[in-house]
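As they're listed, the protein sequences go chains A and B. If you're matching positions, the first sequence starts at 15 in the numbering used here and goes up one per residue. If you're matching positions, the second sequence starts at 735 in the numbering used here and goes up one per residue. For each residue, glycine too, the CB sits at the ideal point set by N, CA and C. Since this is a predicted model, take the numbers as computed values, not measurements.
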Amino acid sequence: MELLGYIFQQCINGLQLGAVYALIALGYTMVYGVLRLINFAHGDIFMLGAFIAYYLLSRFTLPIYVVFVLTMICTALAGYIIEKVAYKPLRNAPKISLLITAVGVSLFLEYFLSLKAVFTPNYIAFPRPFEVEAFDLSLFTITNVQLIIFSITGVSLGLLYLLVYKTKQGTAMRAVSYDKEIASLMGINIDATVSLTFIVGASLAGVGGILYGIAYPQINVFMGVMPGIKSFIAAVLGGIGIIHGAVLGGFIIGLSEVFVSAFLSSTFRDGVIFVILFLVLLLKPTGIFGKRIDKV
Amino acid sequence: MNFFWEARKVILLSVLIYLSVKAIFFFGYVSQYIEQITLYALIVILASLGLNVIYGYTGQFSLGHAAFYGIGAYVSAYLTKIFSIENIFAYIPILFISGAAAGLIGYLIGIPILRLRDDFLAIATLGFGTLVRVLLDNSDKFSEVFGGSRGFVGIPRLTTFELAFVIVIFLILITHNLIYSRYGLFWRCIKNDELASASIGINTFSMKLMAFTYGCFLAGIGGALYANLYTFLHPSNFDILKSIDFLIIVIVGGMGSIAGTIYAGLIWVGFIEGLRIVLPAEVVDLRWVFIPLLLIALMMWKPYGLMTKGRN
């Protein structure tokens, strides 16, 4: 009975982490869908979200919902600028050039922000916007932080679904990810669609950053590296380019990470995620929901 | 013998370079520190050459090259320490064993991941690099000697200028001959068009695997020389930033150019270490702000490298 409770508790913790990964993975999967690019800088936008929220909360003591809105606007702007400055000039360049540029953008963001004049290279504590309360549900406990994370992730997912499947812009996005040239022949503005994808992805990563800061209240300029890579793996696991795949992948990665830490050793949790990646790439490279085999 | 006869120009040139460098060292124009950096530049050139074989010649993008460099370094450090080797002639076989170990691991990991293309290969090699980093950080759990995240200490210092110079020149010659052999032709074919290469009967998978294994072997030897030069290893020396270092050297020197890699390696090490002498430490810390910008600028204007002829 005690073990069962422990397992349930770890499940809740895993879902909490998985929800954040799912939010980041959505940005990866959408950008990969439209540009066929692994946007390495996406993990750093997540970090940027946490830092902006930190400043808004600690310097201006704004209410939490204002912080959410402002952070989303800031990270969306950051995503838009990165796309326009770094990726757009390389739209027709070889794939690897684009990838190396993405790595460059990621390193630049990390090391520029780690300067003492900008942010700081040290760990800083993320302020608590509200008191943590735990609700005891006999088998396991759930905190209000976890409830907030689940509900905000749920709402974001719902809004994203409405955007992608019920609006014209969403249709354009799907069309561009299917075939860029034909989409532009149909009168779809490719540049605007790509920008919109980056804006949506970056604002979701910003939300993820705030939630991560609330749940694990310690932030650092390099905090985006590992969650970024893991979320990308989550996107691959679920089937890259597929929205519900990214969400499922995020939860699977979050759960496996927490279970490995709980039952094996926390030092091996990063390793296990990469073992999952190798297995996916070997056994089903298109991911869980992937059907279409890419053109060679 | 034929091998040496055909390479006579390179060997003559390297003897000249060797004598002049030795003369500079002998008359004490430069400090001990510069000597160490010269050695380090040779090592970096060797490891970058490995990446150039994988990426520049065969077109397989790797973001985990530093992992193989690290494997070579740790294997050599372990073997020289437990056998407490002091003789340089006993060290040479260990050097090649370390290279072979890195090559073998490259071969084993290459079997699953070389089926992937471009960006998926990048993420898989990046993943492998992280995995190796995690293992090195926890290596003290397997054996106390490795030191885990505290670092590997007390490695005998065996790398001398003569040894490194001879090994590097020898391996550059071997690499050159391989590139212009039948296999090298296949590699370059695969880089240009994998599907077309397969259609004319090239076994693309085994050729890619061969290039990858050889590139990792070179990185392993570079790592071994590094371990026995600095006598201290830390897992953080073999992370993604190190892989990016090698990548920059390959790109600056030009993909698919041995001479370019040599120049770029010298310039790169000279540039980074030169900055360290000229500028105060706080400014040197800024280098990782400018290096990514350099990388982005290179990709925008010269995606095939600074020293290659423009190819569209």
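The residue from A:I247, A:Y192, A:I257 with its alpha-carbon nearest to that of A:L293 is A:I247. For A:A90, the enclosing alpha helix (DSSP H) stretches over residues 78 to 96. For A:S111, the closest Cβ of chain B is nearer than 8 Å. Around the beta-carbon of B:I978, 16 or more other beta-carbon atoms lie within 10 Å, marking it buried. Look at the beta carbons and you see the segment 90 to 105 of chain A not touching the segment 147 to 164 of chain A: under three pairs across the two are nearer than 8 Å. By the Cβ-count criterion, B:G762 is exposed, with fewer than 16 other Cβ atoms from all chains shown falling within 10 Å of its own Cβ. Residue pairing by DSSP places A:A148 opposite A:T157 in a beta bridge. About 14 Å separates the Cβ atoms of B:S782 and B:G806, ruling out a contact at the 8 Å cut-off. Our two residues, A:D193 and A:L291, have alpha carbons roughly 27 Å apart in a direct line.
Contact annotation: the segment 116 to 132 of chain A touches the segment 48 to 60 of chain A, with at least three C-beta pairs closer than 8 Å.
Between A:I257 and A:L174, the C-beta spacing is below 8 Å. Using a CB distance below 7 Å, the part of the segment 926 to 941 of chain B facing chain A consists of L929, ordered along the chain. The beta carbon of B:F795 sits closer than 8 Å to some beta carbon of chain A. Residue-level contact by beta carbon fails for B:P969 and chain A, as no gap is shorter than 8 Å. Counting only unbroken stretches of 4 or more residues, the alpha helix (DSSP H) elements lying wholly within the segment 893 to 946 of chain B are 895 to 913, 916 to 926, 928 to 933, in sequence order. Straight-line spacing of the CA atoms in B:W739 and A:T134 works out to 58 Å. Against chain B, the beta carbon of A:D284 has neighbours under 9 Å at T864, L865, R867, V868, listed in chain order. With distances taken between CA atoms, B:A775 lies nearest to B:I983 out of B:Q794, B:I983, B:L1020, B:P1014. For a Cβ distance threshold of 7 Å, residue set T281 of chain A lies close to B:N872, ordered along the chain.
Within chain A, the residues L295, P299 have their CB atoms less than 9 Å from the CB of B:L850, given in chain order.
Taking all protein chains in view, the Cβ of B:D927 is surrounded by fewer than 16 other Cβ atoms within 10 Å, so the residue is classified as exposed.
Annotation: A:E271 to A:A229 spans about 16 Å, alpha carbon to alpha carbon. Between A:A148 and A:P231, the CB-CB gap reaches or exceeds 8 Å. Shown here, A:Q232 sits in a strand according to DSSP, grouped into three states. In this chain, the alpha helix (DSSP H) harbouring B:T859 covers 852 to 871. Residue environment for A:V146: exposed (fewer than 16 other C-beta atoms within 10 angstroms of its C-beta). For B:L967, the three-state secondary structure derived from DSSP is strand. Interface with chain B (8 Å Cβ-Cβ cutoff): A:F65 is excluded. Sixteen is the threshold: when 16 or more other Cβ atoms of the shown chains lie within 10 Å of the Cβ of B:Y825, as they do, the residue is buried.
From the beta-carbon of B:D853, the residues of chain A found nearer than 7 Å are I52, K109, L113.
Under the three-pair Cβ rule at 8 Å, the segment 947 to 963 of chain B counts as touching the segment 779 to 799 of chain B. Residues of chain B whose Cβ lies closer than 8 Å to the Cβ of A:V119 are, in chain order, P1026, I1030. Here DSSP, grouped into helix, strand and coil, assigns A:I247 to helix. Here B:L753 is not near B:L797, since their CB atoms are 8 Å or more apart. By the CB criterion at 8 Å, B:P890 and B:N962 fall inside the cutoff.
Counting C-beta pairs closer than 8 Å gives fewer than three between the segment 842 to 860 of chain B and the segment 955 to 969 of chain B, which falls short of the contact rule.
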